[in-house]
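Following: one structure in structure tokens, then a few remarks.
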Amino acid sequence: MSAETMTQAVPAAAATTASRRGFGVSGGGITLSLYLIFLMLPIYWLVIMSLKTNAEITSGMTLWPQQITFDNYRTIFTDASWYNGYISSLSYVAINTVLSIGLALPAAYAFSRYRFLGDKHLFFWLLSNRMAPPAIFALPFFNLYSAIGLFDTPWAVALAHCLFNVPLAVWILEGFMSGVPREIDETAYLDGYSFPRFFARIFMPIIANGIGVTAFFCFMFSWVELLLARTLTTVNAKPIAATMTRTVSAAGMDWGLLAAAGVLTLVPGVLVIWFVRNHIAKGFALGRV
Amino acid sequence: MARIELSELAHSYKPGASRPGDFALKPMTLTWRQGGAYALLGPSGCGKTTLLNIISGLLIPSHGRVAFDGRDVTRLPTEQRNIAQVFQFPVVYDTMTVYENLAFPLRNRGMDGTAVDGRVREIAALLELTPALERKARGLTADAKQKISLGRGLVRPDVAAILFDEPLTVIDPQLKWELRSKLKALHRQLDVTMIYVTHDQTEALTFADTVVVMHDGRVVQAGRPDELFETPAHTFVGYFIGSPGMNVVPATVSGNQARVAGETIALPLSYEIPAGKRIEIGVRPEFATLAPAGEGLPVSVERIDDLGRARLARLRLGGHAFAASVPDGLGEIAETAGLIIQPGHIHVYADGERLSGRA
Amino acid sequence: MDRPYDNRAWLLVLPVLAIVAFSAVIPLMTVVNYSVQDTFGNNQFFWNGTGWFRELLDPSSDLGSRVIASFWRNLAFSAIILAIEVPLGIAVALAMPRAGWKVAVTLVLMAMPLLVPWNVVGTIWQVFARGDIGLLGYAVNRLGIDYNYVSDPVAAWVTIVAMDVWHWTSLVALLCYAGLKSIPDAYYQAARIDGASRWAVFRFIQLPKMRRVLIIAVLLRFMDSFMIYTEPFVVTGGGPGNSTTFLSIELVKLALGQFDLGKAAAMSIVYNLIILAVCWVFYTAMTNLDAERSKEGAAS
């Protein structure tokens, strides 16, 4: 049989096993579609509201803007108190992410490679801080950071968020590091690498994915947390999301502006997710599947 | 229990493939006898597993037909084909006990409790799993897990065929030998068709009555182990089976004479040579012997390998490497020597395919 | 698991220890200190012993009854959202595509709610569920169902539960998805050969592989729902009445609203101890599972 007759043979069937298409649930597509619609509806509503005028919002129900306006966004980008909120949010999130990972790397290495006195209890104690309710810490933090003069700076929020992000970073990194065979360390030491040089030159590139995933989570939890962020700031370091609620309660409900500010707080999250989309699944299992 | 027929079967993972290179499995027509013990032998990537998955129904072929006892099953899902298959790496249901694992395929098919029990205990005894029957499958060694996988394949009494996809890869060598003999014994006892995929020729030759050799998506030869050894239908079979493999050297053949590196070799048969093809002759080292210089073809000796029971000479015939056996009586071996080829064991190949000659 | 025993590893842990001690131990000491004192203002404190604790745990006192009520309320909330989010998350994970461009799109869409600042989550739902300008509230009212989360406790609960499901189900689903992705194809093939039903595949292959990530999911969801503050606070402010006042809302009211430092501190300690106990149960479950796995790894 030649190549030509082969193409004339049975029309090529979808030659896949059923399991390749999904995890084998009938009606899975419908479940997933309904779920995604459920997720997107509130966000859709927020976005279209930000494009409506206040008159349109309050006058009746419209499923899409009758007259698209960008005034709400213009207001935000021209008012310093708004975009400063953005800058301070991003600065404490960045400081926190760098700090958390920098501190967590050696600790995670210790937990993944050695046993030592009290290691299990220490690990549990660290984790328990991830689980502690921020509400407990609001007042003591207020006192503490006022006392040392960091109140209303990005550093106060960044340090406060270390409370839950450092343990989380240790936990995730430990998971990824334990997946790296110990022979790699031993070989490097035999080749005459010192510990710091081995760690920076060999070990960190190997767990680069894990560091990326950790950074994503530190970003995420620092970005979304507001109870502490709002308690520790008043004017200068006020996060964007807090600026938003304040304006609402003051100016007789400027719905369009509120929605526009809300939409803008979604943007950094969406960008970050897009960058890590290929690692998200493993990342959410904290490197431990 | 069934005869399995593949007709014009081919498979491509790409839809709408037309070039031969797109096909993981090139067109083949083949019949597997009811009750046969087959080995599917070939290097990795030659299409063995694809062929196996098509027979078991895990994969629907893009072209051609699969029939069991004349019934077309090409598009029938695995569940309706009555086939058992054992995979390369152990697949066990972690949360079940060993007993439940073995009973699983039977219970899924609604077999009644006492029959299940009898069958499970019989197979467990055979695989020496009886002491572990009540243990959780999780936490057993890889060996034991693979035995469970084997057991699940063997436990169904009425299957059309049992397919093994390199099932002994993870088993340690001693146990490997033991399990293979067990499978062989079981085959005799059960009268069920077994197809055993492997890339290990010893495994294939000891297990099977019929060895099917695959190369690059094609079946190049199917035959008894001695046929594969004595008359390889393709130079690949010559290389792949035997240790060392067959000597294959370029030649020009006309009538019943072959010329290799300026020397003439007489052939027992006479051949009609197709034009424009690469012509080679093949001789197994077992049928070529070293002789003192002056006898047979002139060769230079590169080295002698002592294989314990026999000695093997590594020679040069013209520019080509050649292996030959060294007869016991041969004395001192000089740098140049002679080579005697048993005339009945020379094969002629055109583009790798064996030509049949006329007397 | 033959990690060498070496106490010098402590040196590597020190920086983490220092920062966590700074941000956890010092504040907790402040809290303990407040919890045993009382004040009349002006930074004058005097010893109050276990007075606050006794009041806190006494259902007949005003404080005790409020705190205990919010504890049960919070527990009910956690139970409800777990009962919805875990099965739903598993169902969504099973329905997710395994390969192709759809995977990236699905993942990005699913992860979106997770990266919305928590008060914005509140704002989104506050608007979305309003009867006058919100799509959901408007639609439900049009269906003839009387729905107003500002005045009706049932509507307030429904709104908050829906919001939490919206916010966090994706986390459970993504965790399960990661677990499912780790199952080799051969398992599904073997199951088909063995004639396993769809349910058996789920019960004996998929569920066991998801066990570990499910523990993580339940742990995270229980903890985070047990300390939930921002989202319900933005939507309902704890009302109507006290019907959605959870533990953290109660605590912040005491501490920052009324500046009742002693009561708030005592409550913080009890609150923290509950969290710690639950955390310990999960941690033990998880390390046991790990030990089982590594034993298995050593055996194979």
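Protein chains in written order, with my numbering: chain Y, 33 to 321; chain R, 4 to 362; chain W, -12 to 287.
Glycine included, each C-beta is placed from N, C-alpha and C at the ideal position.
Values in this document were obtained by computation on a predicted structure and should not be read as measured data.
Three-way DSSP call (helix, strand, coil) for residue i in this model
{"i": "T255 of chain R", "result": "strand"}
{"i": "E137 of chain R", "result": "coil"}
{"i": "S144 of chain Y", "result": "helix"}
{"i": "A326 of chain R", "result": "strand"}
{"i": "L12 of chain R", "result": "strand"}
{"i": "F248 of chain Y", "result": "helix"}
{"i": "A35 of chain Y", "result": "Low per-residue confidence applies at A35 of chain Y: pLDDT is 37, beneath 50, and the placement is therefore not dependable, though the value from the model is reported in the following sentence. Here A35 of chain Y sits in helix by DSSP."}
{"i": "T49 of chain Y", "result": "Confidence is the limiting factor: at T49 of chain Y the pLDDT is only 41, short of 50, which leaves the residue's position unreliable and the question unanswerable from this model."}
{"i": "G341 of chain R", "result": "strand"}
{"i": "F26 of chain R", "result": "strand"}
{"i": "R361 of chain R", "result": "strand"}
{"i": "S273 of chain R", "result": "strand"}
{"i": "Y258 of chain W", "result": "helix"}
{"i": "Y(-8) of chain W", "result": "strand"}
{"i": "E356 of chain R", "result": "strand"}
Continuous beta strand (DSSP E) stretch holding residue i: start and end
{"i": "Q224 of chain R", "result": "221 to 226"}
{"i": "R319 of chain R", "result": "314 to 320"}
{"i": "L81 of chain W", "result": "Counting along the chain, L81 of chain W falls outside any beta strand (DSSP E), though it belongs to the alpha helix (DSSP H) covering 49 to 82."}
{"i": "E305 of chain R", "result": "300 to 309"}
{"i": "R68 of chain R", "result": "66 to 71"}
{"i": "Y41 of chain R", "result": "40 to 44"}
{"i": "H218 of chain R", "result": "213 to 218"}
Partner residues on chain W for residue i, Cβ-Cβ distance less than 7 Å
{"i": "S59 of chain R", "result": "I180"}
{"i": "R145 of chain Y", "result": "R(-10)"}
{"i": "S160 of chain Y", "result": "L263, C266"}
{"i": "Q88 of chain R", "result": "I180"}
Contact set between residue i and chain R, taken where Cβ atoms lie within less than 7 Å
{"i": "F191 of chain W", "result": "Y96, T98, M99"}
{"i": "P195 of chain W", "result": "D97, T98"}
Under 8 Å by beta carbon: chain R residues contacting residue i
{"i": "A183 of chain W", "result": "F107, N111"}
Inter-residue Cα distance where the pair is residue i and residue j
{"i": "G38 of chain W", "j": "P46 of chain W", "result": "14 Å"}
{"i": "Q98 of chain Y", "j": "W287 of chain Y", "result": "16 Å"}
{"i": "M163 of chain Y", "j": "Y146 of chain Y", "result": "25 Å"}
{"i": "A236 of chain R", "j": "I244 of chain R", "result": "12 Å"}
{"i": "F115 of chain W", "j": "Y136 of chain W", "result": "11 Å"}
{"i": "Y331 of chain W", "j": "G24 of chain R", "result": "Residue 331 of chain W is absent from the model: chain W starts at -12 and stops at 287."}
{"i": "I80 of chain Y", "j": "Y105 of chain Y", "result": "12 Å"}
{"i": "P18 of chain Y", "j": "F173 of chain Y", "result": "Outside the shown range of chain Y (33 to 321) lies residue 18 of chain Y, about which nothing can therefore be said."}
{"i": "A282 of chain Y", "j": "N128 of chain W", "result": "Only weak support exists for where A282 of chain Y lies, its pLDDT of 48 falling under 50; the value from the coordinates is given anyway. Taking the straight line from one Cα to the other gives about 29 Å."}
{"i": "F191 of chain W", "j": "P108 of chain R", "result": "13 Å"}
{"i": "L(-2) of chain W", "j": "G225 of chain W", "result": "46 Å"}
{"i": "D151 of chain W", "j": "A232 of chain Y", "result": "41 Å"}
{"i": "T274 of chain W", "j": "I204 of chain Y", "result": "15 Å"}
{"i": "A183 of chain W", "j": "V101 of chain R", "result": "17 Å"}
8 Å Cβ cut-off: residues of chain W touching residue i
{"i": "E82 of chain R", "result": "R179, G182"}
{"i": "Q345 of chain R", "result": "Chain W residues near Q345 of chain R: none, gap ~47 Å exceeds 8 Å."}
{"i": "F210 of chain R", "result": "Neighbours of F210 of chain R on chain W: none; closest Cβ ~21 Å, over 8 Å."}
{"i": "F92 of chain R", "result": "P171, A173"}
{"i": "V267 of chain Y", "result": "The premise fails here: V267 of chain Y is roughly 18 Å from chain W at the closest Cβ pair, so nothing lies under 8 Å."}
{"i": "R138 of chain R", "result": "By Cβ distance, chain W contributes nothing, its closest Cβ being about 12 Å from R138 of chain R, past 8 Å."}
Where residue i meets chain Y, residues with beta-carbon distance less than 7 Å
{"i": "D(-7) of chain W", "result": "Y146, F148"}
Those residues which DSSP pairs with residue i across a bridge
{"i": "F167 of chain R", "result": "R:V89, R:Y199"}
{"i": "R250 of chain R", "result": "Looking at the sequence provided, one finds Asn at residue 250 of chain R rather than Arg. According to DSSP, N250 of chain R bridges with R:V286."}
{"i": "R262 of chain R", "result": "R:T255, R:T267"}
{"i": "W35 of chain R", "result": "R:I7"}
{"i": "H350 of chain R", "result": "R:G285"}
{"i": "W34 of chain W", "result": "W:Q24"}
{"i": "D75 of chain R", "result": "R:A70"}
N-terminal and C-terminal residue of the alpha helix (DSSP H) that residue i is part of
{"i": "T291 of chain W", "result": "Outside the displayed range of chain W (-12 to 287) lies residue 291 of chain W, so it cannot be described from this structure."}
{"i": "T156 of chain W", "result": "140 to 168"}
{"i": "A291 of chain R", "result": "Careful: A291 of chain R lies outside any alpha helix (DSSP H), inside the beta strand (DSSP E) at 291 to 294."}
{"i": "F156 of chain Y", "result": "151 to 163"}
{"i": "G207 of chain Y", "result": "186 to 210"}
CB contact check: residue i to chain C, cutoff 9 Å
{"i": "A187 of chain W", "result": "The structure shown contains no chain C; the protein chains it does contain are Y, R and W."}
Chain-ordered chain R contacts of residue i [CB-CB under 9 Å]
{"i": "L176 of chain W", "result": "Note on identity: in this sequence residue 176 of chain W is Gln, with Leu being the wrong assignment. By Cβ distance, chain R contributes N56, S59, L61, T81, Q88, F90, V94."}
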